[in-house]
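Here is the structure we will look at, set down as structure tokens.
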Amino acid sequence: MARPKNQTLRRQQLVEATASIVLLHGAASTKLTDIAAEAGLAPSAVLYYYPDVRELYKAVLNKGGAQYCESREMSVAEASTPEERLRECIQSGVPRPGAAEEASRLLYELAPIVLRNDDAADEYEKLIARQAALYESVLEQCEASGGFALAMPVKSLARSFVALEDGYGIDVLTGAITPDEEENLLLEYARIMARRIG
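The sequence shown begins at 1 in full-length UniProt numbering and counts up by one.
Below, the structure written as structure tokens:
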């Protein structure tokens with residue numbers, strides 16, 4: 001039997017099916033048969049499009065990371081002042097119930113893949129760099145406005161915000177703190193590290 005001509009569509013279908021299963025069971029517990037069943041395919045069909053299942057996970061990470069960053073970038077772009085952009089940058093990284101929590105959970109669930117697959121690690125580093133670049137842009141605008149004094153170089157401070165988000169995000173998803181508590185902790189950090197002047 002001939003294979004479907006639209007391989008791009010089939011690959012997208014498999015990425016979406018894998019994301020659903022990873023969210024349901026976690027990456028470590030996801031099986032090829034689970035992915036195939038979710039996509040309505042035989043396991044051999046999954047392997048036709050992704051002979052190495054790790055490549056499928058990488059594609060999920062890539063898509064999930066891009067959607068997560070695009071959502072944050074759009075939120076920040078809608079804010080009108082540097083201070084509002086910084087607040088929005090922080091708020092958009094908090095895994096609140098709904099799409100934000102789902103996106104964050106998916107990226108955290110794929111962490112084991114990142115640790116054992118160099119290509120996935122490269123994709124993850126791009127995701128971190130893109131988030132840090134968003135913070136860099138916002139912090140540079142804060143500094144350029146003349147209303148803020150930064151306690152660290154922009155690049156270092158931006159990366160610190162992303163690292164704190166990641167750590168606190170896990171706390172939120174495990175129930176150790178609430179989304180509001182994470183937001184307040186990050187805003188307090190911002191008040192110290194990007195101090196208002198004038």
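Built from N, CA and C at the ideal position, the CB exists for glycine as well.
Can you have a look at residue i and say buried or exposed, based on whether 16 or more other CB atoms are within 10 angstroms of its CB?
{"i": "A2", "result": "Low per-residue confidence applies at A2: pLDDT is 43, beneath 50, and the placement is therefore not dependable, though the value from the model is reported in the following sentence. So A2 ends up on the exposed side."}
{"i": "R195", "result": "exposed"}
{"i": "L24", "result": "exposed"}
{"i": "I192", "result": "exposed"}
{"i": "K58", "result": "buried"}
{"i": "T33", "result": "exposed"}
{"i": "Y48", "result": "exposed"}
{"i": "E123", "result": "buried"}
{"i": "L115", "result": "exposed"}
{"i": "T174", "result": "exposed"}
{"i": "A100", "result": "buried"}
Where does residue i fall in DSSP's three states?
{"i": "R96", "result": "coil"}
{"i": "A45", "result": "helix"}
{"i": "E78", "result": "coil"}
{"i": "V64", "result": "Contrary to the premise, residue 64 reads as Gly rather than Val in this sequence. Note: G64 maps to helix in three-state DSSP."}
{"i": "Y50", "result": "coil"}
{"i": "A176", "result": "coil"}
{"i": "S145", "result": "coil"}
{"i": "K155", "result": "helix"}
{"i": "T8", "result": "helix"}
{"i": "T30", "result": "coil"}
{"i": "L187", "result": "helix"}
Ignore the nearest five residues each way along the sequence and tell me which others in residue i's own chain have a CB closer than 6 Å to its CB.
{"i": "A17", "result": "I35, E38, A39"}
{"i": "N117", "result": "R54"}
{"i": "residue 243", "result": "Residue 243 lies beyond the stretch modelled for the chain, which goes from 1 to 198, so this question has no answer here."}
{"i": "S92", "result": "R72, S75"}
{"i": "Q131", "result": "V162"}
Assuming residue i contacts residue j (C-beta within less than 8 Å), just tell me the rounded distance between them.
{"i": "I197", "j": "F148", "result": "7 Å"}
{"i": "L157", "j": "R72", "result": "Contact flag wrong, Cβ pair sits at about 17 Å."}
{"i": "A103", "j": "I113", "result": "Incorrect: roughly 16 Å between the Cβ atoms, too far for contact."}
{"i": "C69", "j": "L127", "result": "7 Å"}
{"i": "P179", "j": "R96", "result": "5 Å"}
{"i": "L186", "j": "Y168", "result": "7 Å"}
{"i": "L56", "j": "L14", "result": "6 Å"}
What are the partner residues of residue i, as DSSP defines its beta bridges?
{"i": "L150", "result": "A194"}
Once you ignore the five residues that flank residue i on each side, which residues in its own chain have a CB closer than 7 Å to its CB?
{"i": "A19", "result": "V60, G64, L106"}
{"i": "L9", "result": "none"}
{"i": "E183", "result": "I90, Q91, V94"}
Using only the heavy atoms of the ligand PLP, determine whether one of them is closer than 7 Å to the beta carbon of residue i.
{"i": "L185", "result": "Among the components of this structure there are no ligands whatsoever, and the ligand PLP is therefore not found."}
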